[in-house]
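Worksheet for the structure shown next.
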Amino acid sequence: MAPVFPAPLALKRRVGLLFALQFFAQGLFLPFFAIFLSDKGMGDAEIGIILATPMAIRIVSGPVVAAIADKLGRRSAAISIICALSGICFAGFLLADGFVQILTVMIAMAVTNAAIIPLSDAYAMDTVRAGQGDYGRMRLWGSVSFMIATLAGGAVLEATSSTIVPVTITISLLACSGMAMMLPELTRETPLEADGGIAAAPRLREIGFLVVLLAAALVQGSHAAYYGFGSLYWRGLGIGETMIGFFWVIGVMVEVVLFMLSSRLGMRLPPLAMIAVGALAGVVRWSLFPLVHEPAAVLAMQSLHGFTFGATHLGLVGFIAARIPARRAATAQGLGGTFVGLVTAGGTLASGPLYGFDPAYAFWAMGGCCALSLVLLGLIAPRFAAGNARGQL
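Structural data, given as structure tokens:
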């Protein structure tokens, strides 16, 4: 039986709103949760451990939950359930006191939260395969929402307590759960299953495939010091939360433009090239990060986030979509999340002591991750080129 879809415009808007609600929570968590933890009395090393925990748990729970959703064919229901559970767990931070309690709540939250983005990306790609939307134009609303949350969060934090951070994240995730309930289940029949019977399992185990996931993860994971300590670093320089919010937002603005142009870029640059652009931008960005202090110069440097995150993300999603059939898309996205989680967790754990010794060392180590990514891409690219990579990827 052929699947029945709502009107394309209606579905595109729903998926766009799903991303918007998710990334509104991210727009508060990434820049300001470390400040909330600091205000709760956590030290640099403790913050590093707490923030690394969900990244480590994501290594296991993300692909497991995504694989279960793939097996059941119930992606929108899975998104709704895990968003609701994650929101409830976030409320627990309001009651937690001390390192052990906060870490316990973070573990519970991470188990439920890890698969939200992989499942949402897989659902969005299902929408694309069904001819119901363009990935970049749906995903850009997540970036727009991230900007709004970051700007508003910085201004609100200057006037209120940092307790507002977990409160608002809780509300956003619960709203995201409700939005997911309004999404149709896109059944895995034609037109979604237009993969020609390609076996997904061997592709997931191919060395070349795994090397590309690692290369992309090294770039995404290189944001670890920035996510964990960027806001604290700028606050230590005497910069206010509102300006810190602008620092975060400028990069996302470039990211939005990149997502808007993603279809056009996808015709000119293969996914591996997109990931390489992100890696090169990361080498430059993290090398300059501890050397640039003037607000105007910081804003210019922050524009590279549009490439370190945006180009790498588009490259990874495009690579997986081209190599893995629709029925295993969430599993593959979860596997990509596992690689990102491994690198980011390690980077966050290392960043705590490095930042405590000298903040510059933490950010320069992230630049080293991007340099390694470029090396891996250079080694693996000829293998895909020999197999007509532009056509396959």
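Here the sequence shown is numbered in my numbering, starting from 40 and rising by one per residue. Just so it is clear, CB atoms sit at the ideal spot from N, CA and C, and this is done for glycine as well. Here the structure is a predicted model, which means the values were calculated and not measured.
When burial is assigned at 16 or more other CB atoms within 10 Å of the CB, is Thr199 buried or exposed?
exposed
With respect to the alpha helix (DSSP H) encompassing Pro223, which residues constitute its N-terminal and C-terminal limits?
From DSSP, Pro223 is part of no alpha helix (DSSP H); its letter is neither H nor E.
Under a three-way DSSP split, which group does Pro93 fall into?
Per DSSP, reduced to three states, the secondary structure at Pro93 is helical.
List the endpoints of the continuous alpha helix (DSSP H) containing Val331.
It is not in any alpha helix (DSSP H) - Val331 carries neither H nor E in the DSSP assignment.
Compute the Euclidean distance between the alpha carbons of Pro205 and Ser270, then round it to the nearest angstrom.
Cα to Cα, the separation comes out at about 17 Å.
Name the two residues that bound the continuous alpha helix (DSSP H) containing His352.
351-362
Going by C-alpha distance, which of Ala420, Asp78, Tyr162 is nearest Ala254?
Ala420
Name the two residues that bound the continuous alpha helix (DSSP H) containing Ser342.
For Ser342, there is no enclosing alpha helix (DSSP H), since its DSSP letter is neither H nor E.
Would Gln65 and Phe185 be called neighbours here (beta carbons separated by less than 8 Å)?
yes
Residue range of the alpha helix (DSSP H) that Thr126 falls in?
For clarity, residue 126 is Gly in the given sequence; the question names Thr instead. Segment 114-130, the alpha helix (DSSP H) holding Gly126.
Could you compute how far the alpha carbon of Ala350 sits from the alpha carbon of Ala59?
19 Å
DSSP three-state label for Gln431, please.
In this prediction, Gln431 scores a pLDDT of 43, lower than 50, which makes its location untrustworthy; no coordinate-derived value is stated.
Given a cut-off of 8 Å on the beta-carbon distance, is the pair Gly175 and Leu56 in contact?
no
Does the beta-carbon of Pro435 have 16 or more other beta-carbons within 10 angstroms, so that it is buried, or is it exposed?
What the structure shows of the chain is the stretch from 40 to 432, and residue 435 is not part of that stretch, so it cannot be assessed.
Below 8 Å, how does it come out for the stretch 393-408 and the stretch 90-98: are there three or more Cβ pairs, yes or no?
Verdict: no, contact absent.
Which two residues bound the contiguous alpha helix (DSSP H) that contains Ile278?
Looking at the DSSP string, Ile278 is not in any alpha helix (DSSP H), and its letter there is neither H nor E.
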